[in-house]
Structures are given as C-alpha cells and as structure tokens.
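Q: Numbered per full-length UniProt numbering, the sequence shown spans residues 1 to 323.
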Amino acid sequence: MPLIDAPQQARKRISAVEVLEPRARDSWTHTRSGDPRGYIEADKLKELWIHTGTACNLACPFCLEGSHPGDGRIPGMKLSDVKPFIREAVDMGVEQFSFTGGEPFVIRDFVNILDYASQHRPCFVLTNATDPLLKRRQQVLPLLDNPYPIHFRVSLDFPDATRHDRDRGEGSFELALEGIAWLVEQGFKVSIARQTDPGETPEDVESAFRAIFRERGIPEDLAFTAFPDLGTPGTDDGSPEITETCMEKYPTKEARAHFMCTYTRMLVKKGDRVRVYACTLVDDDPQYDLGGTLAESMDERIMLRHHRCFACYRFGASCSAPG
Numbered sequence: 001m002p003l004i005d006a007p008q009q010a011r012k013r014i015s016a017v018e019v020l021e022p023r024a025r026d027s028w029t030h031t032r033s034g035d036p037r038g039y040i041e042a043d044k045l046k047e048l049w050i051h052t053g054t055a056c057n058l059a060c061p062f063c064l065e066g067s068h069p070g071d072g073r074i075p076g077m078k079l080s081d082v083k084p085f086i087r088e089a090v091d092m093g094v095e096q097f098s099f100t101g102g103e104p105f106v107i108r109d110f111v112n113i114l115d116y117a118s119q120h121r122p123c124f125v126l127t128n129a130t131d132p133l134l135k136r137r138q139q140v141l142p143l144l145d146n147p148y149p150i151h152f153r154v155s156l157d158f159p160d161a162t163r164h165d166r167d168r169g170e171g172s173f174e175l176a177l178e179g180i181a182w183l184v185e186q187g188f189k190v191s192i193a194r195q196t197d198p199g200e201t202p203e204d205v206e207s208a209f210r211a212i213f214r215e216r217g218i219p220e221d222l223a224f225t226a227f228p229d230l231g232t233p234g235t236d237d238g239s240p241e242i243t244e245t246c247m248e249k250y251p252t253k254e255a256r257a258h259f260m261c262t263y264t265r266m267l268v269k270k271g272d273r274v275r276v277y278a279c280t281l282v283d284d285d286p287q288y289d290l291g292g293t294l295a296e297s298m299d300e301r302i303m304l305r306h307h308r309c310f311a312c313y314r315f316g317a318s319c320s321a322p323g
C-alpha cells in the first residue's frame, strides 16, 4: 500500500513483538489524559478486506506494513484459510472483496484465492504490478471470464521515475507501467495509488502522471487515490487522540459513514489462525482483533485509539476502490 515519502532514518524495521506490545498497554476506552475515546459502531458489512501476508518483492522504507522479501510478520493466506469467511461474508450481504499485503502476487495461493472470490463478488486488488504480477500473467488472464470483475489499484508513487525508484528499487517505475499497460490491454479495470506531498496541487501532480500515460499509450482517465503518511508498524505520528467530544463533529450515522470500520472488516492471519480485524489500516494492535467470525466482529464497538484513525477523522481516508 503506498504512503508518503519520509526520512529513512526515522523508518527502522520493528520486530513483531515490538509492533504488538506498546499500544496494548494503552487504555482501549480512554485517552492518555483520561477522556472517553471516540468510537464507531458497525452498520453493515459491505467490504471484506483480506490481508494476504506481509511478504513483498520490494522493501520500501515508508511501507505501512514494514513489508520486505521473505517477511513473515503476517503469514501468507491460503485458499483454505479464506473460504469459510468468503461464504460467511456472502451470507451477510457483502458487496466486495478487497486484497492487500505485502504484495499479494508473492503469495503462492493468491491467484486461487482471487479466482474463488471473484466467483462470488467484485474484487479489488492492491498491487505494485511489477515482477510478481508480470510473471503470473497467464494465470491472471483467465480471471477475466469469472462472473465478477476485478479492479487493480497500482502503486505509482510519483510522476518521476527517479524519485519513485529511490525507495522501490531501480526499474520498478518502468515495470509498474508495464503492468498497468498489460492489465488495461486485457480489459481489467485499473486505478492508481500515489503519494502526497505537503502543499502540492493535486491537479498538477495528476496532470504530470497523465502526460506519462499518454506517452506510453495508457488511458489518461485512470482514477487516482492519494494517501497521507500513515506511518510504519508500531510507530505513532503524534496525531491527536479522538475523544467522544471530537465525534460531535460527526453527529449522525450518515456523517460517520466515511469511517471504514462502519462497513469493512479485514482478515489477518495470526500464526495458524485467521482473525477478524476492525480496519484494513490497523493490524499492529491486538485490541483491534474482533474475533474469529465476521458476525461476532460486527457486534463490537470500535474505539478510535490508533493514530491512523485520525486520518479517517480528518481526511475521510478510505482504502476502498474509487467510485
């Protein structure tokens, strides 16, 4: 998942133990100053995210998952892991299955998972569209014939190959463009995830991207999703804590609908078990583990205590596919 560029010296890798422990000591229900936390109560499961695992072919220092080649903080998913949850989600009226990592196409069983999911609902895949996808093109192509469409959102950080490749690795910009071009040519829907710069003019940034697309014969009307810096696992960016009083800004059920935890859940593999987490952006706090079934997870009140919750509060951040 793409995030804003940040100084590398501030981005040390954190072990799984360090990731899980510090926030678990904070109160689930109250801020550090003792005020009741703001919270969200689920409405209806519309989107189920499936975390395929933190292994990736790249090692980007800004990655919100801390992913890198061979990473095992979150183990890779298997089809047998997700089948029961896909069936449960369909019974609950889910509208879309979405996939994140790591890089999903690094996972051996991912194409089988995507094949199964797209037999039941539209799918949305976050990918860097480089070697792992390109090497499995012949496996991916038949998925076009499945009953439901698959939308790929490709990470293309900046409209500048040198800057993009500085953290993702030399040649990754060109490979991503190759992946985008191939997906579009086959008939898959594609959008772009980019990073944001402070003080940027979004129209200028996206115009620069479209000029590159035009040169490569890629459609210029691809949608963009721009992400703020969400930090690496176990870090805290110092964002304000959200209290019940803060939530008076969103007084109605409709006003709170932009918070992803009202309508999404995420499957995360912990050891050999699959757990249901409250948010696709939070897997480094065990208190966001809402249980072993989707049904029970929807009964839980979600306390907005993670620093990434502030992105939803302030910006209406969403990892979902653009409309």
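All C-beta atoms, glycine included, are put in the ideal place defined by N, C-alpha and C.
According to DSSP, what are the bridge partners of I212?
A: Taking the first residue of the sequence shown as position 1, residue 212 is located at position 212. I212 pairs with nothing; no bridge assigned.
Q: Compare the Cα-Cα distances from I107 to each of R73, T280, A55, K44 and report the closest residue.
A: In the sequence shown, counting from the first residue as 1, residue 107 sits at position 107. The shortest Cα separation from I107 among R73, T280, A55, K44 belongs to A55.
Q: Give me the Cα-Cα distance between A161 and S98, rounded to the nearest whole angstrom.
A: Here residue 161 is taken as the residue at index 161 of the sequence shown, counted from 1. Here residue 98 is taken as the residue at index 98 of the sequence shown, counted from 1. Looking at the two C-alpha atoms, the distance is approximately 28 Å.
Q: Check whether the stretch 205 to 213 and the stretch 157 to 173 are in contact - that is, three or more C-beta pairs closer than 8 Å.
A: Because the criterion of three Cβ pairs below 8 Å is met, the stretch 205 to 213 and the stretch 157 to 173 touch.
Q: To the nearest angstrom, report how far apart K78 and W182 are at their CA atoms.
A: In the sequence shown, residue 78 corresponds to position 78, counting from 1. In the sequence shown, residue 182 corresponds to position 182, counting from 1. One C-alpha to the other measures close to 26 Å.
Q: Quick one, which of P122, L114, R166, P69 has its alpha-carbon nearest V94's?
A: Within the sequence shown, residue 94 is the residue found at index 94, counting from 1. The shortest Cα separation from V94 among P122, L114, R166, P69 belongs to P122.
Q: Where does the unbroken beta strand (DSSP E) through H151 begin, and where does it stop?
A: Stepping through the sequence shown from its first residue, residue 151 is reached at position 151. Here the beta strand (DSSP E) through H151 covers 150 to 155.
Q: With DSSP collapsed to three states, give me the class of E21.
A: The count along the sequence shown starts at 1 and reaches residue 21 at position 21. Unreliable positioning characterises E21 in this predicted model, as indicated by a pLDDT of 39, which lies under 50. A coordinate reading is not provided.
Q: Under a Cβ-count criterion, where at least 16 other Cβ atoms within 10 Å of its own Cβ denotes burial, should R273 be classed as buried or exposed?
A: Along the sequence shown, one-based indexing puts residue 273 at 273. Result: exposed.
Q: Among R308, Y263, C312, D285, which has the Cα closest to the Cα of S297?
A: As a first step, residue 297 is located in the sequence shown; it is residue number 297 there, counting from the start. Answer by Cα proximity: Y263.
Q: How is the alpha helix (DSSP H) around residue 325 delimited, first residue to last?
A: Because the chain is modelled from 1 through 323, residue 325 falls outside the range shown and cannot be assessed.
Q: Go to E296, then tell me how far its beta strand (DSSP E) extends in each direction, as first and last residue.
A: If you number the sequence shown from 1, residue 296 lands on position 296. That residue, E296, is in no beta strand (DSSP E); its alpha helix (DSSP H) goes 294 to 297.
Q: Would you kindly report the start and end of the unbroken beta strand (DSSP E) that includes E95?
A: Locating residue 95 in the sequence shown gives position 95, where the first residue counts as 1. Element bounds for E95: n/a, residue is neither H nor E.
Q: Closest by CA to L267, which one among D43, W49, A255, D285?
A: Position 267 of the sequence shown, counted from the start, is the residue given in the question as residue 267. For L267, the nearest C-alpha among the options comes from W49.
Q: Just verifying my parser: in three-state terms, what is the DSSP assignment at Q186?
A: In the sequence shown, the residue the question calls residue 186 occupies position 186. Q186: helix per DSSP, three-state reduction.
Q: Going by DSSP, what residue range makes up the beta strand (DSSP E) through F224?
A: As a first step, residue 224 is located in the sequence shown; it is residue number 224 there, counting from the start. Note, F224: beta strand (DSSP E), 224 to 227.
Q: Measuring alpha carbon to alpha carbon, tell me which residue in G169, D71, E200 is nearest N128.
A: Here residue 128 corresponds to residue number 128 of the sequence shown, with the count starting at 1. Ranking G169, D71, E200 by Cα distance to N128 puts G169 first.
Q: Going straight from the alpha carbon of Q139 to that of S33, what length do you get?
A: Counting from one through the sequence shown, the residue named residue 139 turns up at place 139. Counting from one through the sequence shown, the residue named residue 33 turns up at place 33. Looking at the two C-alpha atoms, the distance is approximately 53 Å.
Q: What is the DSSP secondary structure of A42, reduced to helix, strand or coil?
A: For the purposes of this step, residue 42 is taken as the residue at position 42 of the sequence shown. Here A42 sits in coil by DSSP.
Q: On a CA-only basis, which of L126, L114, E178, C312 is nearest Y148? Give me that one, please.
A: As a working mapping, residue 148 is identified with position 148 in the sequence shown. It is L114.
Q: Can you give the Cα-Cα distance for L144 and G238, rounded to whole angstroms?
A: In the sequence shown, residue 144 corresponds to position 144, counting from 1. In the sequence shown, residue 238 corresponds to position 238, counting from 1. Rounded to whole angstroms, L144 to G238 spans 44 Å at the Cα level.
Q: Just curious, the beta strand (DSSP E) that H164 is in, first and last residue?
A: Here residue 164 refers to the residue found at position 164 when the sequence shown is read from its first residue. Looking at the DSSP string, H164 is not in any beta strand (DSSP E); the run it does join, the alpha helix (DSSP H), is 161 to 168.
Q: What residue from P69, P84, L58, G187 has the CA that sits closest to T130's CA?
A: By one-based count along the sequence shown, residue 130 stands at place 130. Checked all of P69, P84, L58, G187; the closest Cα to T130 is L58.
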